[in-house]
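In what follows, a structure is listed as structure tokens, so that the remarks can point back to it.
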Amino acid sequence: MMIRFRPEVHALLAKLAQDDSRSMAGELEWLIREEAKRHGLDNLS
10 MMIRFRPEVH ALLAKLAQDD SRSMAGELEW LIREEAKRHG LDNLS
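Mapping to my numbering: the sequence shown position 13 is 22, numbers consecutive.
Listed below in structure tokens is the structure:
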């Protein structure tokens, strides 16, 4: 199964890769979890 992320998630991934910034890791994790919930995968730990 493939999950399609919203554009803001892709943008954050690109910025994280470009800047190699660890400060956005928490926000990225939150966005991924929220996206997973939208797809019924809210049991991710």
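Glycine is no exception: its CB is placed at the ideal position from the N, C-alpha and C atoms. Source: prediction; values computed, not measured.
Per DSSP, reduced to three states, the secondary structure at H19 is helical. The beta carbons of L22 and E36 sit about 11 angstroms from each other, so the pair does not count as a contact at 8 angstroms. Taking C-alpha positions only, E44 is separated from A26 by approximately 19 angstroms.
G49 sits in coil when the DSSP states are folded into three classes, being neither helix nor strand.
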